[in-house]
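Here's the structure, in structure tokens; my notes come after.
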Amino acid sequence: MTDAGRSTASGYDSDIEAAIREHHPALITYITAGDPSLADTKAYVEALDRGGADLIELGLPFSEPVAEGATIQAAINRALEAGTTPEGFFELVADLETEAPLLVMTYYNMLLQYGAEPDVRPFVERAAEAGLSGIIVPDLPAEEADPLRAACDDTGLDLVFIIAPTTEGERLDRIMSHVSGFAYVQARLGTTGARANVSGATHDSLARLSEYDVPKAVGFGVSEGDHAAEIIDAGADGVIVGSALVDIIAAHGPAGSETASRSVASSAAPGDAAAALEAKAEELKRGARRGADSITDDHDE
Amino acid sequence: MSMEREHDDESASGRTGTFGDYGGQYVPEALMPALQELEDAYERYVLENEDGFMDEFRERLRDFGGRPTPLQRADRLSERYDRDIYLKREDLLHGGAHKLNNALGQVLLAKYMGKERIIAETGAGQHGTATAMAAAHLDMPCEIYMGRTDVNRQRPNVYRMRMNGAEVNPVEAGSGTLKEAINETMRDWATTVERTHYVIGSVVGPHPFPKMVRDFQAVIGDETRTQIRETAGRLPDSVIACAGGGSNTMGTFHAFVPDDEVALYAVEAGGSSLEIDEDAGLAPNSATLSTGTDGVLHGAMTKLLQGTDGQIVESHSVSAGLDYAGVGPELSYLVETGRVVPATVDDDAALDGFHRLSRLEGIIPALESSHALGYLERAAGPAGETAGGHRPRDEGHGDLGDLVVVTVSGRGDKDLETVLEETETRDLEAAPDVEVFDG
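Protein chains in written order, with the working numbering: chain A, 22 to 322; chain P, -16 to 422.
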């Protein structure tokens, strides 16, 4: 990825917005960097890119992930145990060549501590240099976001905000005035984690957001192609899938060059994780397209 | 309630609840409306006494809690240190620690707000038991999150919570202590926020918790200030309180902050060493104010024990109630401005303080409070007899003045097993021969 042409070639404000608009309905995937190793993450990201992910979020692990459910907490623990550091993360990002733009999802203290003094700017500059297109910070509400918004503006990075089922009125306006790239619509109250069905709150949230022009993607609990279809049918521009992919990585156990699997009795062959991720991405992307087709059908009728 | 030392600078962005650069609201978006609702309730009921909230709170603190607690002259300590030593006896509050002040205030507030369910985190179990008592007293369903390690080492408190009808949910993540319990309680709250109130146990977390908890605990210092003027005829030269998250510290200090002539000492757990082992992700201490660096944890900008990358490290103290990698943002601010002097007392000196108060005064203090007593010994004790620890920043020993107040934040019944185990392995000046306990 290059920094060039972020806003001009496509006619959109950023390559993240372009990725969603041009590949509508978009599939946005999340995995935790360093789970179980950064070398594995590279293979997994490339597999998701092949499988049809239009945007890829990479979690930079933080020791206190208060917004995460059990699945991603466990992934973050594995990544921290593997010694994942911010610098190792940025080197991985710089090394990746994907069609899908990349975002980093991490907690505010990780941004603050990257430089010598508590300040978000060194992190944001390094993120831009490594080739990231955007940042999501789940513990940073709009009220505290002025310093990060300014740093992102100066470097051309998008700053994505989460819209919760409880976000309404004045607060919704405030967030939507800060957001760029896309609005991350939290499908339900609670933490991240795969669920068996799509929440009714999703429909309400999308209705509240319909008057805003920014692309909307729905996450928290999305795990199957049918969910993707339903969410796109409800009016979202994209779906965000994390825990269902992290489950696949966890089920395949340690793999890759750094953690040789010879002593690990794992039920599935480690090398299959990448293939399984690619297949899952394809399933989700197909689901999203079904949702989009059903909207078209509705209009045709 | 005096507001002149607040430092709110609400900007166009809506940033609020700050003390200088510290404080703020760093939480998932889903919780922001709940914090605003709580802020509104705090202003109406606590600051403005709407519907007589504060009157009911004070009445219940008196009748249910047993307030006011005494300010007692400690005669033998006064003799030992050749000055007047007074003890603020929060150990005599119902439940055996200062924690009830806050728990009762918040559970009552939740009731006024129309919430239907109480959740809380607990480390040593003192806040959990106080919350369980308050919830039973006020007829509210209550669930407590407690790290697995703490559940195992604080059994009696687990039983007390269950006796009062609370559910105790062990948290298996990480080292199974307070930090993980807070994470898990925040996750519960993010899921159930519309009908649940989260009773945070200290002056930590996002605004308005640091101010609200301080205001509920400020009764400690308000009483002390009145009591010392009645008995000694003047304000003390210095006030000493232990500091973990900082609720008894802020509760004790708040009334004295404007009194520049009163020195305020916040005594932290020095543990076994003040160095951080970054590779192991471990700080063998909980000396956040003394050694921490600025960052964001559990909703607030404050001083933290963290590695250079920003990962929070595991803290340690012989006292479970001080064992936390963060500290209240207002305390960080007061230390930064020089109003509060931080000091550390290591495990040995705290245990020594425990035994000294037990033997000289007939009061078995909590291990948390024992740190404040350990500091008293180091700063004012007979020459050549001081146990380990570190000098406070920019202050020498022996400058506490002639009139000293020490807050005994809780009683030590909960700590007896730990104290016996830890005393056996050490050479402590004030300790009895613990072998007799085996017989």
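Using N, Cα and C, we set each Cβ at its ideal position, and we do this for glycine too.
Excluding its 5 nearest sequence neighbours in each direction, P:Glu418 has no C-beta neighbour in its own chain below 6 Å.
Residue contact check for A:Met126 against chain P: no CB pair falls below 7 Å.
Within the model, the alpha-carbon separation for A:Tyr65 versus A:Gly90 is close to 21 Å.
Using a Cβ-Cβ cut-off of 7 Å, P:Arg(-2) counts as an interface residue toward chain A, since at least one Cβ of chain A sits closer than that to its own.
Taking C-alpha positions only, P:Leu92 is separated from A:Lys301 by approximately 48 Å.
Interface criterion not met: the Cβ of P:Met144 is under 7 Å from no Cβ in chain A.
A distance below 7 Å separates the beta carbons of P:Ser269 and P:Ala252.
For P:Met146, the number of other beta carbons within 10 angstroms of its own is below 16, and it is reported as exposed.
DSSP, reduced to helix, strand and coil, places P:Gln294 outside both helices and strands of the structure shown, so it counts as coil. For P:Lys397, the closest alpha carbon among the candidates P:Thr285, P:Ile347, P:Phe420 is that of P:Ile347. Taking 7 Å as the cut-off, the beta carbon of P:Ala24 is found closer than this to the beta carbon of P:Met96.
Within chain P, no residue has its CB atom less than 9 Å from the CB of A:Phe110, the nearest being about 10 Å off.
In this model, P:Gln89 and A:Ala88 are separated by some 24 Å (Cα to Cα).
Identification of chain A residues near P:Asp277 by a Cβ-Cβ cut-off of 7 Å yields Pro139, ordered along the chain.
For the region 195 to 208 of chain A, the residues whose beta carbon sits under 7 Å from a beta carbon of chain P are, in order, Arg195, Gln207. Residue state for P:Gly35 is assigned as helix, using DSSP reduced to three classes. In the displayed model, P:Gly253 falls within a strand according to three-state DSSP.
Taking the Cα positions, P:His299 is about 34 Å away from A:Ala163. Using a Cβ-Cβ cut-off of 7 Å, A:Glu146 does not count as an interface residue toward chain P, since no Cβ of chain P sits closer than that to its own. Within the model, the alpha-carbon separation for A:Ile37 versus A:Phe182 is close to 14 Å.
At least one C-beta of chain P is nearer than 7 Å to the C-beta of A:Asp160. Taking CB atoms only, A:Ser220 has no neighbour in chain P less than 7 Å away. A:Ile52 is bridged by DSSP to A:Leu79. For P:Met169, the uninterrupted alpha helix (DSSP H) segment begins and ends at 161 to 175. DSSP places A:Arg216 in the coil class of the three-state scheme, outside both helix and strand. Distance from the CA atom of P:Arg59 to the CA atom of P:Asp205, rounded to whole angstroms, is 26 Å. P:Ala224: member of the beta strand (DSSP E) spanning 221 to 225, first to last residue. Sequence-ordered contacts of the region 85 to 98 of chain A with chain P read Glu85, Val87, Ala88, Gln94 [C-beta pairs closer than 7 Å]. Annotation: P:Ala283 is outside any alpha helix (DSSP H); the continuous beta strand (DSSP E) that includes it extends over 283 to 287. Residue-level contact check: A:Pro57 does not touch chain P, since none of the beta carbons of chain P fall below 7 Å from its beta carbon. Counting the other CB atoms within 10 Å of its CB gives A:Ala68 a total of 16 or more, which places it among the buried residues. Under the three-state reduction of DSSP, P:Tyr316 is assigned to helix. DSSP places A:Phe182 outside any alpha helix (DSSP H); the residue lies instead in the beta strand (DSSP E), whose first and last residues are 179 to 184. The C-beta of A:Pro236 comes no closer than 7 Å to any C-beta of chain P.
Taking 7 Å as the cut-off, the Cβ atoms of A:Ala115 and A:Ala74 do not count as close. At least one C-beta of chain A is nearer than 7 Å to the C-beta of P:Asn166.
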